[in-house]
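Chemist: This is the structure, below, for whatever I ask next.
Residue numbers (the numbering used here): 5 to 994.
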């Protein structure tokens with residue numbers, strides 16, 4: 005059978021060679037190598053799980069012919085005896101830019117570029133599926149050598165630029181042949197990312213949520229185009245449709261972006277292979293639920309240089325944990341049966357790969373899983389399991405020859421064969437002389453330790469417990485050693501030249517400083533100490549693995565080791581601010597059960613309840629912030645004058661510490677609004693501040709639909725020195741609204757007619773407004789513009805839901821009442837820019853007295869922690885009653901957000917979102933003692949104190965570990981000042 009197989013394979017290989025005969029040969033006669041190479045007596049890892057002991061690997065014409073213990077070796081074979089050695093498949097990196105130069109950033113003008121710079125292609129320059137890496141590919145022998153030395157035989161390269169980047173090219177690192185041999189696939193995968201191209205200054209998208217919206221619209225347009233509905237040519241969409249059967253590899257780069265990318269893919273039945281960021285362990289359950297194959301970088305962070313205690317104190321717990329936890333990411337992925345490949349991506353050099361891989365193994369990644377992640381899994385991801393990633397018959401002869409276990413720090417990799425071409429990394433026949441030697445010279449006894457790589461050995465010579473300066477070189481079984489003499493007052497050396505025998509003993513001559521020549525003999529000590537050290541190393545590895553900081557939710561300071569559970573709670577003898585017709589109730593009990601307010605009264609009891617003595621304390625509904633910008637990775641998509649297609653729900657940041665800080669201020673719900681970079685902004689996210697939960701679990705179930713509009717200076721870019729985007733005047737803003745709503749009306753009519761239509765996410769959103777299915781919160785200041793937008797709304801038969809900021813609301817309160825719009829304002833901000841010069845602190849009271857539903861909002865991460873005090877200002881400015889003032893930050897914002905049937909007051913049947921205050925809630929002395937959402941205590945004052953102590957201890961422990969790392973000589977990084985950016989309406993991503 006083997007003989008028959010060899011005959012067929014030889015015929016096929018010969019056919020391939022004959023097919024190349026048309027190439028001219030001008031440097032000699034045409035020859036063909038028909039010989040085999042047989043590597044015998046070697047341990048062969050055909051795959052990570054299929055291992056042949058003392059076998060033979062037979063290769064020919066760059067491919068594996070056979071492997072096993074009974075392989076028949078043809079007569080025309082070159083035989084290599086590799087007794088005691090091991091063979092592994094060469095590694096594969098499927099996320100590379102090898103041989104493809106990254107485009108350079110284009111210079112920009114004074115104003116932003118809003119339109120595409122190309123015609124005949126997609127309307128957005130950052131979508132470039134028509135690009136092919138092969139068209140830009142130039143084989144780089146120098147870079148190839150670096151990768152070969154790191155163990156790689158194949159890379160999947162691509163143009164690392166743009167949102168849709170085009171196709172990749174699969175390349176063997178074959179320095180001996182040309183592209184006609186080493187290029188394995190010119191269309192190996194399609195690559196995507198959230199990042200814009202450097203080759204275009206087109207402004208859109210300017211945010212992650214914009215990138216997500218662009219991808220969604222692109223897929224819809226591709227489908228529309230594929231059905232023949234487009235009247236114009238689009239080469240980008242043609243390429244996208246052509247590439248849709250390829251593997252889709254998405255550069256996400258972080259745990260949060262992994263999930264965002266997967267969300268986009270799922271919506272269009274596309275399963276991306278996702279390049280992660282190394283922090284997947286933080287939400288491993290969510291990552292597993294993606295059912296995606298991953299590509300994982302191992303660019304683990306260095307320890308910080310923490311010798312300066314003052315600078316060290318500025319490090320966050322999250323930054324300290326990252327150093328400690330990220331090396332365990334591959335292990336945790338493997339433990340959860342998540343398929344992943346490893347990559348050199350983000351490493352400064354392939355030279356760093358081995359040390360980081362060994363670190364991952366030290367932190368628990370099994371060697372079998374490590375090998376899979378570098379061989380069979382990347383091959384499987386690309387659909388190339390028959391040709392790369394293993395040493396099965398017919399696969400390319402890409403393999404490593406090593407002295408032993410390839411993932412042992414002491415193992416030497418001798419050769420890396422790629423497509424049957426040998427790359428010598430170390431002399432395979434060289435005797436490994438690393439170890440400890442004892443010898444005597446001129447009456448002195450010496451001990452010498454030889455360490456390091458075989459091609460870069462280091463020596464340490466000691467005598468009389470003193471270390472002598474020494475240097476060593478080793479070539480072709482000859483060793484040269486020089487070390488300083490005992491006399492430290494003179495710079496004199498003893499020089500040794502010795503030959504290495506089969507027993508690793510050194511035999512030769514020693515030359516003393518006096519010129520005297522002596523016979524030299526050094527015997528390698530037995531490896532008892534090494535064996536013992538090896539045992540100690542294993543013990544140390546185990547201890548290190550146990551020292552990995554446990555993950556918390558979120559994985560930073562004040563995160564929960566276990567998420568708090570819903571409880572049955574009974575508050576006794578509280579002063580209860582109901583926000584209902586009962587008003588404020590003294591000495592009242594409130595029972596919370598199953599996440600709801602179950603009973604309100606006196607002398608209540610429940611045997612299953614935890615009783616909380618609230619005597620002298622105040623229980624209120626949770627504070628609601630109608631206008632917030634915390635807990636979001638993006639706020640503005642300012643790349644267009646309308647961004648109705650984007651949604652803040654895509655970029656909710658469940659790790660933002662301001663969630664916890666707001667809980668400490670009694671806030672339980674917020675609306676995260678898009679910013680004010682354009683007249684028509686993005687859609688909102690209404691969330692509950694369930695600290696520790698995932699982003700999706702923060703968002704309200706069946707959330708009311710909202711969108712942010714804006715008026716004034718920001719939308720016409722008065723302060724941004726941008727003059728190319730319409731509108732540039734307040735008149736233009738009005739015309740923009742009319743234009744967009746006119747188009748949306750036409751779009752909705754076509755959609756409802758049943759005729760074919762191109763689905764447009766932007767128009768879909770605006771049509772929802774026309775159909776009264778989506779509400780508008782509008783950033784506003786000046787009365788003329790406020791009037792204008794109400795008139796536009798009347799023209800198209802819908803209502804503005806809320807004017808937010810609305811600092812001139814007092815001038816038009818009667819018209820607001822007539823229109824039915826609410827006002828969400830600041831308590832006492834004024835004169836911080838020109839268009840608010842007429843603002844007054846009585847604004848809220850005047851609107852309230854006119855019958856407008858009024859809320860006090862923050863628009864600021866700091867102010868939102870003190871909204872109870874902001875509400876109190878309305879008592880001072882305008883004489884609002886305490887109960888009505890309290891509704892400004894509880895019931896009224898709930899009404900404006902259309903969630904008052906669930907929250908905003910203490911009423912039986914509503915969600916148990918309540919706060920227990922130490923004092924009168926409008927008092928500057930009041931603290932939130934407990935903040936509860938749906939019966940779960942997310943903030944507790946006493947627990948907070950305990951957490952602070954635990955944080956201090958953990959930081960101290962991690963800093964001490966970093967000091968130890970530096971003392972061991974490990975690389976450190978400097979501490980850099982980090983300041984958390986507090987996002988506002990005008991915050992833009994860079």
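The beta-carbon is built from N, C-alpha and C at its ideal position, and this holds for glycine as well. Predicted model only: the values in this text are computed from it and were never measured.
Per DSSP, what kind of secondary structure is residue 879 in: helix, strand or coil?
Modeler: Reduced to three states, the DSSP call for residue 879 is helix.
Chemist: Just grab the DSSP bridge partners of residue 301 for me.
Modeler: Partner(s): 347.
Chemist: Buried or exposed for residue 609, please, with buried defined as at least 16 other CB atoms from any protein chain shown within 10 angstroms of its CB.
Modeler: Answer is exposed; the Cβ neighbour count stays below 16.
Chemist: According to the Cβ coordinates, are residue 197 and residue 172 closer than 8 Å?
Modeler: No; because the gap between Cβ atoms is not below 8 Å, this pair is not in contact.
Chemist: How big is the Cα-Cα spacing for residue 461 and residue 482?
Modeler: When rounded, the distance between both Cα atoms is 13 Å.
Chemist: Residue 827 and residue 856 - do their beta-carbons sit closer together than 8 Å?
Modeler: In this structure, residue 827 lies closer than 8 Å to residue 856 by Cβ.
Chemist: Use the C-beta contact count for residue 933: other C-beta atoms within 10 angstroms, 16 or more gives buried, fewer gives exposed.
Modeler: Residue 933 should be labelled buried.
Chemist: Closest by CA to residue 798, which one among 945, 808, 812, 819?
Modeler: Cα-wise, what sits closest to residue 798 is 819.
Chemist: Measure the C-alpha to C-alpha separation of residue 225 and residue 653 and round it to an integer number of angstroms.
Modeler: Cα to Cα, residue 225 sits roughly 23 Å from residue 653.
Chemist: How should residue 99 be labelled, buried or exposed, when 16 other C-beta atoms within 10 angstroms of its C-beta is the threshold for buried?
Modeler: So residue 99 counts as buried.
Chemist: For residue 382, report the span of its alpha helix (DSSP H) as first-last.
Modeler: Taken as a continuous stretch (DSSP letters only), the alpha helix (DSSP H) holding residue 382 covers 380–385.
Chemist: Checking 8 Å against the spacing of the C-beta atoms, do residue 680 and residue 637 come in under that value?
Modeler: Cβ distance not < 8 Å, so residue 680 and residue 637 don't count as in contact.
Chemist: Starting from the Cα of residue 306, find the closest Cα among 974, 989, 990 and give me that residue.
Modeler: Checked all of 974, 989, 990; the closest Cα to residue 306 is 974.
Chemist: If you count every other CB in all the chains shown that lies within 10 Å of the CB of residue 612, and 16 or more means buried, which is it?
Modeler: So residue 612 counts as exposed.
Chemist: Find out if the Cβ-Cβ distance for the pair residue 214, residue 641 is shorter than 8 Å.
Modeler: Contact: yes.
Chemist: Can you give me the C-alpha to C-alpha distance between residue 921 and residue 890, rounded to a whole angstrom?
Modeler: Answer to the nearest angstrom: the Cα atoms are 13 Å apart.
Chemist: Report the start-end ranges of each alpha helix (DSSP H) in the segment 375–447 that is 4 residues or longer and not cut off at the edges.
Modeler: Whole alpha helix (DSSP H) segments, 4+ residues: 380–385.
Chemist: Going straight from the alpha carbon of residue 542 to that of residue 368, what length do you get?
Modeler: Because residue 542 sits at a pLDDT of 45, beneath the cut-off of 50, its placement in the model cannot be relied upon, and the following sentence gives the value as read from the coordinates. About 11 Å.
Chemist: In angstroms with no decimal places, state the Cα-to-Cα distance between residue 412 and residue 301.
Modeler: Each residue's Cα considered, the two are about 21 Å apart.
Chemist: Verify whether the separation of the beta carbon atoms of residue 622 and residue 991 is less than 8 Å.
Modeler: No, these two residues do not count as a Cβ contact at 8 Å.
Chemist: Is residue 2 helix, strand or coil when you go by DSSP?
Modeler: This structure cannot speak to residue 2, because the chain is shown only from 5 to 994.
Chemist: Taking 8 Å as the threshold (C-beta atoms), are residue 321 and residue 955 in contact?
Modeler: Yes.
Chemist: Nearest CA to the CA of residue 134: which residue from 116, 152, 165, 635?
Modeler: Among 116, 152, 165, 635, the Cα nearest to that of residue 134 belongs to 165.
Chemist: Grab the span of the beta strand (DSSP E) containing residue 827 for me, first residue to last.
Modeler: Where residue 827 is concerned, the enclosing beta strand (DSSP E) stretches over 826–829.
Chemist: Grab the span of the alpha helix (DSSP H) containing residue 61 for me, first residue to last.
Modeler: Premise fails: residue 61 lies in the beta strand (DSSP E), 55–64, not in any alpha helix (DSSP H).
Chemist: Report yes if the C-beta distance between residue 4 and residue 374 is below 8 Å; otherwise report no.
Modeler: It is not possible to answer for residue 4, since the shown part of the chain is limited to 5 through 994.
Chemist: Do residue 455 and residue 438 have their C-beta atoms within less than 8 Å of each other?
Modeler: It is a contact, given that the beta carbons lie within the stated cut-off.
Chemist: Give the secondary structure of residue 132 by DSSP, where H, G and I count as helix, E and B as strand, and everything else as coil.
Modeler: Coil.
Chemist: Is it the case that the CB of residue 621 approaches a heavy atom of the ligand FAD more closely than 7 Å?
Modeler: The ligand FAD is absent from the structure shown, which contains no ligand whatsoever.
Chemist: To the nearest angstrom, how far is it from the Cα of residue 960 to the Cα of residue 569?
Modeler: Approximately 30 Å, taken between the alpha carbons.
Chemist: On the DSSP bridge assignment, give the partners of residue 93 in chain order.
Modeler: Its beta-bridge partners are 403.
Chemist: Going by DSSP, which residues form a beta bridge with residue 503?
Modeler: According to DSSP, which records beta bridges pairwise, residue 503 is partnered with 482, 511.
Chemist: Between which residues of its own chain and residue 917 is the CB-CB distance below 6 Å, once the five residues before and five after are set aside?
Modeler: Around residue 917: 626, 672, 907, 937.
Chemist: According to the Cβ coordinates, are residue 736 and residue 711 closer than 8 Å?
Modeler: Their beta carbons are not under 8 Å apart, which means residue 736 does not touch residue 711 by this criterion.
Chemist: Taking the C-alpha atoms as reference points, what is the distance between residue 161 and residue 422?
Modeler: Rounded to the nearest angstrom, the two C-alpha atoms are 17 Å apart.
Chemist: Would you check if the distance between the CB atom of residue 788 and the CB atom of residue 831 is smaller than 8 Å?
Modeler: No. Outside cutoff.
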